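Q: Per the working numbering, the very first residue in the sequence shown carries number 3; after that it's consecutive.
Beta carbons are placed, not taken as given, at the ideal position from N, Cα and C, and that holds for glycine.
Since we're looking at a predicted model, the values are computed, not measured.
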Amino acid sequence: MPLTLGKWFAPSKSVCPICGRDAARTAGSGVIPVRHPQPRQALASLCGLCLRAIPWIAYPVCLVCGRAESCEDCVRRKIRSYTISRCAVRYTEMMKDWLALYKYRGNEGVETVLAAILAFAYERLCEAANSEFHAVTSVPLAPERLRERGFNQAERLAIRLAEWYGLSYRPMLHRLRHTEKQSLKSRLGRVVDMRGNFAADHSALFPGNILLLDDVYTTGSTLDECARVLKQAAEANESLRVYGLLWARS
3 MPLTLGKWFA PSKSVCPICG RDAARTAGSG VIPVRHPQPR QALASLCGLC
53 LRAIPWIAYP VCLVCGRAES CEDCVRRKIR SYTISRCAVR YTEMMKDWLA
103 LYKYRGNEGV ETVLAAILAF AYERLCEAAN SEFHAVTSVP LAPERLRERG
153 FNQAERLAIR LAEWYGLSYR PMLHRLRHTE KQSLKSRLGR VVDMRGNFAA
203 DHSALFPGNI LLLDDVYTTG STLDECARVL KQAAEANESL RVYGLLWARS
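1. Between which two residues does the beta strand (DSSP E) holding residue 249 run?
2. What are the complete alpha helix (DSSP H) segments, minimum 4 residues, inside the stretch 53-135?
3. Given residue 127, which residues of its chain have a CB within under 7 angstroms of its CB, disregarding the five upstream and five downstream residues?
4. Check residue 218 in the structure and name its three-state DSSP category.
5. Pop quiz: residue 169 and residue 138 are said to be a contact at Cβ under 8 angstroms. What is the actual Cβ separation, rounded to whole angstroms?
6. Are there 16 or more other CB atoms within 10 angstroms of the CB of residue 242, so buried, or fewer, so exposed?
7. For residue 162, count neighbouring Cβ atoms within 10 angstroms of its own Cβ and tell me buried if that reaches 16, exposed if not.
8. Ordered along the chain, which non-local residues of its own chain (more than five positions away) have a Cβ less than 7 angstroms from that of residue 83?
9. With DSSP run on the structure shown, which of helix, strand or coil describes residue 147?
10. First and last residue of the beta strand (DSSP E) that includes residue 175?
11. Quick check on DSSP: helix, strand or coil for residue 231?
12. Do the stretch 107-124 and the stretch 32-50 meet, that is, are 3 or more Cβ pairs less than 8 angstroms apart?
13. Would you kindly work out how many angstroms separate the C-alpha atoms of residue 96 and residue 103, rounded to a whole number?
14. If you reduce the DSSP assignment to three classes, tell me which class residue 160 lands in.
15. Among the candidates 221, 110 and 199, whose CA atom is the shortest distance from the CA of residue 142?
16. Does the distance between the C-beta of residue 249 and the nearest non-hydrogen atom of the ligand GDP fall short of 7 angstroms?
17. Do you know offhand how far residue 60's Cα is from residue 219's?
18. If we count the other Cβ atoms within 10 Å of its Cβ and call it buried at 16 or more, is residue 105 buried or exposed?
Structure follows, in structure tokens:
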């Protein structure tokens, strides 16, 4: 049987981790708007079609929550516990599908890509906050949901981000009860549902500003309640600030 040398020595196909296309054949002029080399490398693994389809929030209109449009939620909220937040992408149908690949279907191969997308928001938050973050934490899942899913997507993304940027990840929050999906509730229902739903670890050290990470920002109720209990637990540190970092903004 004759050997085909080209088959043996041809470069291996580079497969897009999102869609499975040949990433090399569909490579294009997609912009990678992240400075750090490791998330840049992860985004470069995408095919050109997927890379160009990412709906980056490069110029937020709401400078509080980072939304790409004007935000009635931030106008209504007279008092908030977090300082500001930034989101990486708009929560389009395509972004919902990408997150679902990881969050619900267990495709852990996309974790690095999602974390790299989040790095875009992190770098912009650093510019907007003009401040250092002394610890990174994440919004916890209820024990029932954690058993069902097997992992906390926000925690995993936070740990990956912390590794890249040399930050300290610390689990600081506990969810006290299981709640129904927040996407099915009204804004008022979300606010009421989140109140008293979290507790902070009082034994944790609060060295300074905290970066609080979650996957999707809808009304900000979850982010604000988590920030409130963190600041309450760190009452000895009156200068503590909590900043939000979200993968997507609905």
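A: From the atom records:
1. 244-251
2. 74-78, 95-105 and 113-131
3. 88, 245 and 247
4. Strand at residue 218.
5. Here residue 169 really is in contact with residue 138; their C-beta atoms are around 5 angstroms apart, less than 8 angstroms.
6. buried
7. buried
8. Answer for residue 83: 226, 229, 230, 233 and 244, listed in chain order.
9. Helix.
10. 175-177
11. The answer is helix: DSSP assigns residue 231 an H, G or I state.
12. Contact holds: three or more Cβ-Cβ distances are below 8 angstroms.
13. Their Cα atoms are separated by approximately 11 angstroms.
14. helix
15. Minimum Cα-Cα distance from residue 142 among the listed residues 221, 110 and 199 corresponds to 199.
16. As presented, the structure is devoid of all ligands, the ligand GDP included, so that no description of it is given.
17. Between residue 60 and residue 219, the C-alpha separation is close to 16 angstroms.
18. buried
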